[in-house]
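Residue numbers (the UniProt record's numbering): 1 to 322.
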């Protein structure tokens, strides 16, 4: 059985019998005015972070979510886009689609503003999305793409890029791992189905996004996620896995390469009231400016003794140099 078939079986079982500990971290549930999330949706939250960020969701965006789970993030997206088919949910597992439909009925009872018709559920594959080109403002997936091997991952990212409008956003949450895994871990189909053995390093994760054309990458959070230990997994040493939340923006690719924000800031503390590098970056005195890694490198290369560049915090929340 292929790892993709194994994945379908894992999530078919999870749709029929909710598995609270399947593939999730203990993230706080969004508390928004008038939004109540059914308990069953919380139990079927099979993600490793969140892809719902208010600043992405202004002006009732058309939203695509791949891998519907119990429907929790679909409901959260619908909160910001209260219109028929404002949110499109795609899943390859019939049982998961049916579970979400059922959960939306419960969500209607708890949320007077919500209608199931706000979410258009469709059967489809992440590598061949049943969605028109350039039709989506915000696309998202949570703890799904890391099941894919390189070929399928590239196809899935190209599909997300295809359906997004110019300057649209792909928002993702996935496990990452900076350690080299042994072959048994890498080839364990069930671990891959649980988004664990396919975990990329942050560097490789970002490269996969820029390789398909995304010109701006924002790393928004980096959190502890799981430990793979010798008692429970085919490994001889502890393997530490993190959860990463990233937004990839369909901006044109700059001639000098992508703008990748990893949470660095530049601070000017010289004699003048500001510093201008004559390349579009103005640093006000003692006012930190978020900078992409490319700009941070360019400023550092000036060799000035009055500009401080912070280390990456792996937390970026907008604004800054680009």
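Every residue, glycine too, gets a C-beta built ideally from N, C-alpha and C.
No experiment lies behind these values; they were computed from the predicted model shown.
Per DSSP, the bridge partner or partners of residue i
i           : result
residue 79  : The partner list for residue 79 (beta bridge, DSSP) is empty, contrary to what the question assumes.
residue 266 : 289, 309
residue 105 : Bridge partners of residue 105: none, in fact.
residue 315 : Per DSSP, none; premise fails for residue 315.
residue 259 : 216
residue 246 : 172, 219
residue 140 : 65, 171
residue 226 : 241
residue 274 : 284
residue 121 : 89
residue 128 : 125
For residue i, the nearest candidate out of the options (CA to CA)
i           : options            : result
residue 48  : 78, 37, 235, 73    : 73
residue 316 : 259, 144, 238, 251 : 259
residue 195 : 321, 225, 167, 248 : 225
residue 10  : 277, 291, 190      : 190
residue 86  : 60, 210, 98, 76    : 60
residue 167 : 268, 320, 56       : 56
residue 262 : 18, 318, 283, 240  : 318
residue 246 : 77, 284, 294, 223  : 223
residue 76  : 235, 36, 297, 305  : 36
residue 53  : 34, 78, 40         : 78
residue 237 : 251, 252, 181      : 181
residue 178 : 239, 201, 187, 164 : 201
residue 58  : 38, 34, 169        : 169
residue 272 : 266, 285, 265      : 285
residue 115 : 126, 101, 128      : 101
residue 129 : 294, 164, 220, 265 : 164
residue 158 : 321, 188, 80, 125  : 125
residue 103 : 39, 320, 197       : 39
residue 209 : 186, 290, 150      : 150
residue 235 : 41, 88, 18, 188    : 188
residue 127 : 148, 138, 137, 119 : 148
residue 137 : 121, 123, 162      : 162
Burial state of residue i (16 or more Cβ within 10 Å)
i           : result
residue 94  : exposed
residue 244 : buried
residue 142 : buried
residue 146 : buried
residue 287 : exposed
residue 302 : exposed
residue 275 : buried
residue 256 : exposed
residue 305 : exposed
residue 249 : buried
residue 264 : buried
residue 348 : Shown here, the chain extends from 1 to 322; a query on residue 348 therefore has no answer.
residue 320 : buried
residue 32  : exposed
Residue i to residue j span [Cα, whole Å]
i           : j           : result
residue 12  : residue 218 : 33 angstroms
residue 83  : residue 117 : 8 angstroms
residue 205 : residue 133 : 24 angstroms
residue 44  : residue 8   : 15 angstroms
residue 254 : residue 215 : 7 angstroms
residue 108 : residue 192 : 35 angstroms
residue 144 : residue 15  : 15 angstroms
residue 106 : residue 112 : 11 angstroms
residue 172 : residue 66  : 10 angstroms
residue 325 : residue 91  : Given a span of 1 to 322 for the chain in the structure shown, any question on residue 325 remains unanswerable.
residue 212 : residue 156 : 10 angstroms
residue 50  : residue 160 : 18 angstroms
residue 62  : residue 135 : 8 angstroms
residue 96  : residue 5   : 15 angstroms
residue 313 : residue 242 : 14 angstroms
residue 174 : residue 278 : 38 angstroms
residue 269 : residue 300 : 14 angstroms
residue 46  : residue 69  : 6 angstroms
residue 2   : residue 233 : 20 angstroms
residue 110 : residue 184 : 46 angstroms
residue 154 : residue 81  : 29 angstroms
residue 310 : residue 266 : 7 angstroms
residue 282 : residue 295 : 12 angstroms
residue 228 : residue 239 : 5 angstroms
residue 382 : residue 280 : There is simply no residue 382 to check, as the chain begins at 1 and stops at 322 in what is shown.
residue 289 : residue 139 : 28 angstroms
residue 41  : residue 71  : 6 angstroms
residue 119 : residue 64  : 10 angstroms
residue 88  : residue 307 : 46 angstroms
For the region 35-91, list the alpha helix (DSSP H) runs that are entirely contained and at least 4 residues long, ordered along the chain. 39-43, 72-80
Which runs of the alpha helix (DSSP H) fall wholly inside the region 144-221 and span at least 4 residues, in chain order? 150-163, 183-186, 189-193, 202-211
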